[in-house]
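Number of protein chains: 2
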Amino acid sequence: MIERIQNLLRANGIKPSHHRIKVYQYLIEKRNHPSVDMIYQELVRNIPTLSKTTVYNTLNLFLEKGIAVMITIDENETRYDADTSLHGHFRCNGCEEIYDLRLDTSALEWESLDEFEISESHLYFKGLCPRCH
Amino acid sequence: MIERIQNLLRANGIKPSHHRIKVYQYLIEKRNHPSVDMIYQELVRNIPTLSKTTVYNTLNLFLEKGIAVMITIDENETRYDADTSLHGHFRCNGCEEIYDLRLDTSALEWESLDEFEISESHLYFKGLCPRCH
DNA sequence: CATAAAATTAGAATGATTACAAAAATGAAA
DNA sequence: TTTCATTTTTGTAATCATTCTAATTTTATG
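Here it is as structure tokens:
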């Protein structure tokens with residue numbers, strides 16, 4: 000597992016330090032679209048010297064190298080996702096859970112965007128999830 | 000014009016004060032998806048006593064009453080739009096312009112969302128616009 | 001005019017994020 | 001192993017958008 004992460008990081012031009020591996024592992028194991036603080040609070044339990052700045056630095060590096068994406072579904076905290084494939088999100092206003100929305104990518108090939116060069120696509124909804132509805 | 004705005008505000012349960020009318024007028028005339036600061040800088044030229052807090056209060060009231068929506072396409076500043084119809088946005092990484100994307104709303108009726116009650120939909124892209132491309 | 005309610009203001013507080021410079025860890029060469 | 005340069009990490013301070021709060025001004029009403 001760790002080794003697979005190391006290879007993935009290296010393949011994307013990221014030196015696989017212990018902290019970086021742990022942050023990436025958190026993202027792919029929890030799949031919970033965490034904020035910086037959520038990652039920090041979890042990891043600091045095992046890495047007492049961890050600095051929140053390191054989590055910021057690491058995530059910004061992941062974004063830059065394209066192995067994670069930023070989600071702006073929460074107005075005051077950035078969320079992160081290691082699933083960089085084209086998909087949407089749903090944030091429940093009741094339980095605050097963020098769901099992944101697998102979607103027919105053909106629906107996202109818009110007509111009038113011919114001349115536009117798209118580098119990022121963001122799609123999300125808010126409302127109530129089945130459990131809270 | 001002013002009168003039409005007054006009626007619209009009143010119809011949505013908002014007392015049409017001078018400041019509120021001006022903020023709303025800015026939104027519908029400029030159609031530029033402004034930040035709070037952009038609105039403030041423009042209006043303060045004619046209303047020297049204007050406070051930025053008032054712009055914040057006013058926009059939050061508009062959101063609450065449903066006559067404007069928040070756009071999170073800019074990572075560090077919230078943008079606003081008085082067009083509350085379902086449409087997307089495109090932010091050019093070159094000129095920073097935010098374009099409206101009229102889109103086939105049928106494409107946004109996703110399959111697996113049956114049990115979810117949607118109250119907000121957000122769709123945006125980033126990249127290069129035709130001029131900057 | 002008087003008075004209560006609502007709107008506006010200014011400044012302080014909050015909180016997420018970034019900047020920065022020092023300290024620690026890493027890795028290669030001798 | 002030791003040295004030395006490079007990279008990573010750290011802690012603190014700075015930044016900046018937004019909200020809070022309490023005072024002031026404006027508005028509407030009797």
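Those protein sequence lines, which keep their order, are chains A and B.
Mind the numbering: the first sequence is residues 0 to 132 in numbering that gives the first Met the number 0, read in order.
Mind the numbering: the second sequence is residues 0 to 132 in numbering that gives the first Met the number 0, read in order.
Note that CB positions come from ideal geometry on N, CA and C, so glycine has one too.
For B/Val35 and A/Lys14, the gap between their C-alpha atoms comes out near 40 Å. At a cut-off of 8 Å between beta carbons, A/Pro33 makes no contact with chain B. Interface flag for A/His121 against chain B is set, since a Cβ pair is found closer than 8 Å. Ranked by how close their Cα comes to the Cα of A/Cys128, the residues A/Cys94, A/Arg9, A/Tyr23 and A/Ile66 have A/Cys94 in first place. Between A/Ile117 and chain B, the shortest Cβ-Cβ separation is below 8 Å. Residue-level contact check: B/Thr71 touches chain A, since one or more beta carbons of chain A fall below 8 Å from its beta carbon. Ranking A/Phe124, A/Cys131 and A/Leu112 by CA distance to the CA of B/His132 puts A/Leu112 first. Assignment of B/Arg130 by DSSP, reduced to helix, strand and coil, places it in the coil class.
Sixteen is the threshold: when 16 or more other Cβ atoms of the shown chains lie within 10 Å of the Cβ of A/Leu26, as they do, the residue is buried. In the three-state reduction of the DSSP assignment, A/His17 falls in the helix class, which pools H, G and I.
Among the CB atoms of chain A, one or more fall inside 8 Å of the CB of B/Glu114. Note on geometry: alpha-carbon atoms of B/Leu8 and B/Leu58 lie some 12 Å from one another. Taking C-beta atoms under 8 Å as the contact rule, A/Thr53 and A/His17 fail to qualify, at a distance of about 11 Å. With respect to the C-alpha of A/Asp103, the residue from A/His86, A/Glu28, A/Ile66 and A/Ile117 having the closest C-alpha is A/His86. Secondary-structure assignment with DSSP links B/Phe89 through a beta bridge to B/Tyr98 and B/Phe124. The C-beta distance from A/His121 to A/Thr71 rounds to 7 Å, short enough to meet the 8 Å contact threshold.
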